[in-house]
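Let me begin by presenting the structure, written as structure tokens, before commenting on it.
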Amino acid sequence: ENVDDPIPISSTPASATATSGDFWNTSTGIEHEPDVTTVFIGIVWSEPIQKLLKDKKTSNYKVWTKVANLMEGRGYAIPGDKAWSKGYQKYRNLLRTYKKYIDETKKTGSSPTDPPRYFDLLHPHLSKRPDFNPSFTLSSLPNLSSLPSTPHTPNTPQGLSPLPGSSQDPRFHFSDVSTTPPPNLQTSSTPINPSRHSFVKKILKPVF
């Protein structure tokens, strides 16, 4: 589906549609804005326009009239009558094409085709919107399972790493020294094995 095909409106003549399509594909000769649609995307996702779009008190007419005026100020006046309406159509077409690709990707588990035109420009903005399938955004991140995980250390104060060699250091696995003291640290009150004691007495018994 071509992003330049307008959303069907019965009052839109076919000739106007063709002229509009040619307009959006017009080359600008600018490296980072190679065509009129790229300029349009940059204007629509600028901070001032995004604030207007998020303001429920601002009508579509006012928003897209502002966009049309900014386009004209850049030297790319939207042709024909109701320039604001054609800009709004273009915006909706871009959203529709982007969402269609995302939905197809979700169904198949992989990209069925190459991304649509302008996808790289739209994705950084639309991927943040929950209505455009946030799960796709997560799947596009690097594989987190390849990164080393850090074991949970509840006794370690937050923001501090366990000391090397401590029982909380994930590289070492020691038993709890508070319950089983090492043999060389046993106190004199610890009873000695009777059989061993008898053996020692037998060796030290004087011979007459």
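Numbering (full-length UniProt numbering), first residue to last: 1 to 208. Note that beta-carbon positions come from the ideal geometry of N, C-alpha and C, so glycine has one too.
Short Cβ contact (8 Å threshold) for residue 38 with residue 121: yes
First through last residue of the alpha helix (DSSP H) which encompasses residue 92: 83-108
Under 8 Å between C-beta atoms of residue 67 and residue 87: yes
Residue 114 versus 97, 28, 55, 59, residue with shortest Cα-Cα distance: Ranking the options by Cα distance to residue 114, first place goes to 97.
Nonlocal neighbours in the same chain, by C-beta distance under 8 Å from residue 34, ignoring five residues either side: Shown here for residue 34: same chain residues with a beta carbon closer than 8 Å to its own, the five before and five after excluded, namely 27, 28 in chain order.
Anticipated Cβ contact below 8 Å, residue 44 with residue 76, distance rounded: Residue 44 to residue 76, Cβ: 13 Å. No contact.
Secondary structure of residue 55, DSSP reduced to three states: coil
Residue 53 vs residue 63 beta-carbon contact at 8 Å: yes
Alpha-carbon to alpha-carbon, residue 89 and residue 102: Approximately 20 Å between the Cα atoms of the pair.
Of the listed residues 105, 73, 118, 57, nearest to residue 93 (C-alpha basis): Sorting 105, 73, 118, 57 by C-alpha distance to the C-alpha of residue 93 places 118 at the top.
CB contact flag (residue 84, residue 65, <8 Å): yes
Extent of the continuous alpha helix (DSSP H) run through residue 62: 60-73
Within 8 Å, strictly: CB atoms of residue 99 and residue 132: Contact flag set, yes.
Distance, residue 106 Cα to residue 49 Cα: 30 Å
Buried/exposed call for residue 30, threshold 16 Cβ in 10 Å: exposed
Three-way DSSP call (helix, strand, coil) for residue 35 in this model: strand
Identity of the residues DSSP links to residue 27 by a beta bridge: 35
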